[in-house]
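Colleague: Here the sequence shown is numbered in this note's numbering, starting from 15 and rising by one per residue. Encoded as structure tokens, here's the structure I'll be asking about.
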Amino acid sequence: MTVDAASKAINQQWFDYIKSLAGDAAGGSRIVFPCIRDTRAPLAGRGVPEPVTNDAMYVIGNSLLTEDNVWYTPSRVAGYIEEQQTYLNHVVLNCDSSADKLSALATAKKDMDDNARDFRKTNAAARKEWRKSQKDESSNFNAYILQSYPELPSARDRMQSSANAYNTQYAAVYGRSAAQLNIYRNRLNTILANLMLPGYTMQAIANHSLFSLESYIDDLRAGNPSTATPVTAGVIDVASYRYDPAYADTLDQWNRDFPTSGYNHMVEFTSDTGNNARYQSKNERSIEAEASFGLFCWLRIKYTDNEEWSNSTATSKKGRLTVKFETKHQQVFTIAPGNWDVPGYRRLFPNVSDDLPKRAEKTVKPISMICASGVKYTIKFENEARETFDGEYEKVRKASGRLSIFGIDVGVSYAPNKDKDGTHKASYDKDKGELTVEPTAYAGTCTLLAMIGVKTDAEQ
């Protein structure tokens, strides 16, 4: 569902502002991807178990970015390490081999690709079921699948066996030049099989209820941060990601000062609405990227949990919009894949087979995240746009529905405690025509605004 010109105009102003926060961290081959899902920045520091930080860093760092994306959406499905594996499995080296050897290699590659695809699908399903099970009983992932999900070890064995067979055929065709490439491939296969590989993997937690966010922040604000309790149960081995050494201390300070610190940064975005709205496309975007840009609506509505999100119609009515965006603090922090990463792998291995998926050819490597404390929005509607939103808000409120503002999901209800654990809360002043979305005192203290990535064909 594409959005109207007024929404695109607001989107563009918000996009440009978020991009400006990157400063010298962006530009050239480095791309900024504003986050369009309500995402809390990873917790880190004294009092936070390492697997809690690791889980968030892995999800945020590994979520797939490509050159044709405009927006960033965290996901556990597939990401940077999976696409690096896909790319390396499609590398073609110079060779002088017989037709029989090349045919055997092609057969081995198809078998490997099929088994890798089956493993990823089975692995995603197993992880989903494992995370559900952690609510009742904590168990490490590999122990869980041996007892409750035997399909995954079988899929893992098939994937690794076919990968070994392919590497053997590859070495037979390409000789010594294949040796280093096979080392990279074997390492990624081991990590993606959820197996521990010291120096390349880290432990991530599934059941975050084992850690109390409120207790942690209360201790910080009382001036006596607690010592993290080691977590050994309910963990899974995932690809390691590194982050800025100053991140944990900075986040502790932001959380500690949140109730008393003021808003230090403010910017306004404005646009006429209805037929008077004007939006001009950015020429530097690809056709695919412009299409992606046009699919995101910054103001969406859901009347019931069973419904899909729908775009607000207020922006299509005559009037004017003013969006005030405020934060207490904002900063860029580095985040990078661990030692398993092959820096500049597209430059090292530029020749690939014709069947390489497009997303693997255009994968972007995560290098930084833009975070902010106290993210707050105040949206003012005027004229017919205001009248339309009055009706939409009242309908949402009566239905105990939800609003989404730049990806921040907030409940609108008579029940004051319904969103106790949410990152933000919403209120609407009908007399002024102003919607306010402000952070909660715990979960809303630090928000991920954007990711920054570097094109993998430009990385040195």
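Note that beta-carbon positions come from the ideal geometry of N, C-alpha and C, so glycine has one too. Here the structure is a predicted model, which is why all the values come from computation and not from measurement.
With 16 other CB atoms within 10 Å as the buried threshold, where does Asn431 fall?
Modeller: Caution is warranted here: a pLDDT of 44 is assigned to Asn431, below 50, making its placement in the model unreliable, and no coordinate value can be reported.
Colleague: For Ala429, which residues in the same chain have their Cβ closer than 8 angstroms to its Cβ, ignoring the five residues on either side in sequence?
Modeller: Its pLDDT being 44, under 50, Ala429 is placed unreliably in this model, and the value from its coordinates should be taken loosely. The residues are Ser414.
Colleague: Determine, using beta carbons only, whether Thr392 and Lys338 come nearer to each other than 7 angstroms.
Modeller: Yes, the Cβ-Cβ distance between Thr392 and Lys338 is below 7 angstroms.
Colleague: Using the C-alpha atoms, what's the distance from Arg54 back to Lys316?
Modeller: If I take the Cα positions, the gap works out to 21 angstroms.
Colleague: Rounded to the nearest angstrom, what separates Ala399 and Asn320 at their Cα positions?
Modeller: Near 27 angstroms, if we compare the C-alpha coordinates of Asn320 and Ala399.
Colleague: Let me check understanding here. Comparing Cα to Cα, which of Ile384, Leu449, Arg134 lies closest to Leu35?
Modeller: The shortest C-alpha separation from Leu35 is found at Ile384.
Colleague: Provide the residue span of the beta strand (DSSP E) that contains Ile422, from first to last.
Modeller: Taken as a continuous stretch (DSSP letters only), the beta strand (DSSP E) holding Ile422 covers 422-425.
Colleague: Rounded to the nearest angstrom, what separates Ala247 and Asp258 at their Cα positions?
Modeller: If you take the alpha carbons of Ala247 and Asp258, they lie about 27 angstroms apart.
Colleague: Ignore the nearest five residues each way along the sequence and tell me which others in Tyr86's own chain have a CB closer than 6 angstroms to its CB.
Modeller: If we look at Tyr86 and ignore the five residues flanking it on each side, its Cβ neighbours are Phe47, Cys49, Met465.
Colleague: Could you compute how far the alpha carbon of Leu211 sits from the alpha carbon of Trp312?
Modeller: Leu211 and Trp312: Cα-Cα distance of roughly 42 angstroms.
Colleague: For a minimum of 3 consecutive residues, which ranges assigned as the beta strand (DSSP E) are wholly contained in the stretch 291-354?
Modeller: Segments of the beta strand (DSSP E) lying fully in the stretch 291-354: 313-316, 333-341, 343-351.
Colleague: Would you mind working out which of Met280, Thr215, Val281, Glu165 sits nearest Val252, comparing C-alpha positions?
Modeller: If we check each option's Cα against that of Val252, Thr215 comes out closest.
Colleague: List the residues that DSSP assigns as beta-bridge partners of Lys439.
Modeller: Glu452, per the DSSP bridge assignment.
Colleague: Can you give, in chain order, each stretch of the alpha helix (DSSP H) that sits fully within the stretch 352-402 and has at least 4 residues?
Modeller: Listed in chain order, the complete alpha helix (DSSP H) runs (minimum 4 residues) inside the stretch 352-402 are 359-362, 372-375.
Colleague: Mapping DSSP to helix, strand and coil, what is Thr53?
Modeller: Of the three classes helix, strand and coil, the one that applies to Thr53 here is coil, per DSSP.
Colleague: Quick check on Gln217: does DSSP put it in helix, strand or coil?
Modeller: In this structure, Gln217 counts as strand in the three-state DSSP scheme.
Colleague: Just how far apart, CA to CA, sit Asp433 and Gly425?
Modeller: Bear in mind that a pLDDT of 41 at Asp433, under 50, signals an unreliable position, so the number given afterwards is only what the model happens to contain. Near 6 angstroms, if we compare the C-alpha coordinates of Gly425 and Asp433.
Colleague: Pull the bridge partners of Ile419 from the DSSP assignment, please.
Modeller: Its beta-bridge partners are Leu313, Ile422.
Colleague: How would you label Leu195, buried or exposed, when you count the other beta carbons within 10 angstroms and need 16 or more for buried?
Modeller: By the 10 Å Cβ count, Leu195 comes out buried.
Colleague: Following the continuous beta strand (DSSP E) through Phe133, name the residue where it begins and the one where it ends.
Modeller: Per DSSP, Phe133 belongs to no beta strand (DSSP E); it is in the alpha helix (DSSP H), 113-147.
Colleague: Assign Asn136 to buried or exposed, taking buried as 16 or more other Cβ atoms, counted over all protein chains shown, within 10 Å of its Cβ.
Modeller: The displayed chain sequence assigns Thr, not Asn, to residue 136. Buried, by the Cβ-count rule.
Colleague: With a threshold of 6 angstroms on Cβ separation, who are the neighbours of Ala177 within its own chain once the five nearest residues in sequence on each side are excluded?
Modeller: For Ala177, where only same-chain residues beyond five positions count, the Cβ hits under 6 angstroms are Met126, Asn203.
Colleague: In this structure, does DSSP put Phe272 in helix, strand or coil?
Modeller: Coil at Phe272, not helix or strand.
Colleague: Compare the Cα-Cα distances from Ile45 to each of Asn108, Ala20, Asp82, Gln26 and report the closest residue.
Modeller: With distances taken between Cα atoms, Ile45 lies closest to Asp82.
Colleague: Can you tell me which residues form a DSSP beta bridge with His279?
Modeller: Paired residues: Thr341.
Colleague: Helix, strand or coil: how does DSSP classify Asp251 here?
Modeller: Correct three-state label for Asp251: strand.
Colleague: Where does Arg60 fall in DSSP's three states?
Modeller: Three-state result, Arg60: coil.
Colleague: Mind checking who Ala464 pairs with in its DSSP beta bridge?
Modeller: In the DSSP output, where bridge partners are listed per residue, Ala464 has Pro48, Ile384.
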